[in-house]
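Here the structure comes first, spelled out in structure tokens, and everything after it is commentary.
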């Protein structure tokens, strides 16, 4: 149901109803988060944040540390999408701490990239580059090709903004080559 938000919300709410009926707390938290994702895709960030916060309360109640981290990340992205970058960074940094504690390097790489994007959107290009480079290193360590491609793209893009054209070209070319290799849509 890609792009069919009404259908996605219908299924999400059905799932939530079933999870509530059977008392599946973890499933309730997941369903709330999924509904939040649909609202985020619909660009209704306030509604997305409402559902993410409901999901976070459930994840905290059941002690799902990984779920708490993921939901904090979703909240951070939601605030970033709204343009509230300071609040976004607060949640993304909390997400990063949990993911570092759990040692999930793929998720750490993703979160570093999100923090970089937030600094990038704030216009703080040097800090953004630091996070993108850290994300790239983590993605290379875990051989996460999607993450490597995305980190290279962002490093190149920031260098374009800084008018460092030769550096930008080098990173963007590497990103493009990997995108073609792994068949990223749009390349």
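Numbering (my numbering), first residue to last: 203 to 389. Ideal Cβ positions, reconstructed from N, Cα and C, are used throughout, including at glycine.
Whole-Å CB distance - residue i paired with residue j, under 8 angstroms assumed
| i | j | result |
| --- | --- | --- |
| residue 245 | residue 210 | No, residue 245 and residue 210 are not in contact; Cβ-Cβ is about 14 angstroms, not under 8 angstroms. |
| residue 278 | residue 304 | Residue 278 to residue 304, Cβ: 17 angstroms. No contact. |
| residue 340 | residue 380 | Not quite, the Cβ-Cβ distance comes to about 16 angstroms (not below 8 angstroms), so this is no contact. |
Residue i, DSSP secondary structure in three states
| i | result |
| --- | --- |
| residue 245 | coil |
| residue 386 | coil |
Nonlocal neighbours in the same chain, by C-beta distance under 7 angstroms from residue i, ignoring five residues either side
| i | result |
| --- | --- |
| residue 324 | 287 |
| residue 342 | 350 |
| residue 363 | 327 |
| residue 284 | 247 |
| residue 269 | 231, 261 |
Range of the contiguous alpha helix (DSSP H) that encloses residue i
| i | result |
| --- | --- |
| residue 302 | 287-304 |
| residue 343 | 327-344 |
| residue 365 | Run containing residue 365: none; DSSP gives neither H nor E here. |
| residue 318 | 307-324 |
| residue 422 | Past the edges of the chain, shown from 203 to 389, lies residue 422, and the structure says nothing about it. |
| residue 283 | 267-284 |
Any chain B beta carbon closer than 8 angstroms to residue i
| i | result |
| --- | --- |
| residue 210 | Of the protein chains in the structure, only one exists, and it is not chain B. |
Same chain, Cβ closer than 6 angstroms to residue i, five either side skipped, listed in chain order
| i | result |
| --- | --- |
| residue 336 | 314 |
Sequence-distant residues of the same chain with beta carbon closer than 8 angstroms to residue i, five excluded per side
| i | result |
| --- | --- |
| residue 293 | 274, 275, 277, 278, 281 |
Specify whether the segment 248-260 and the segment 217-232 touch according to this definition: at least 3 beta carbon pairs, one from each stretch, less than 8 angstroms apart. In short, these stretches touch, since the Cβ pair count reaches three.
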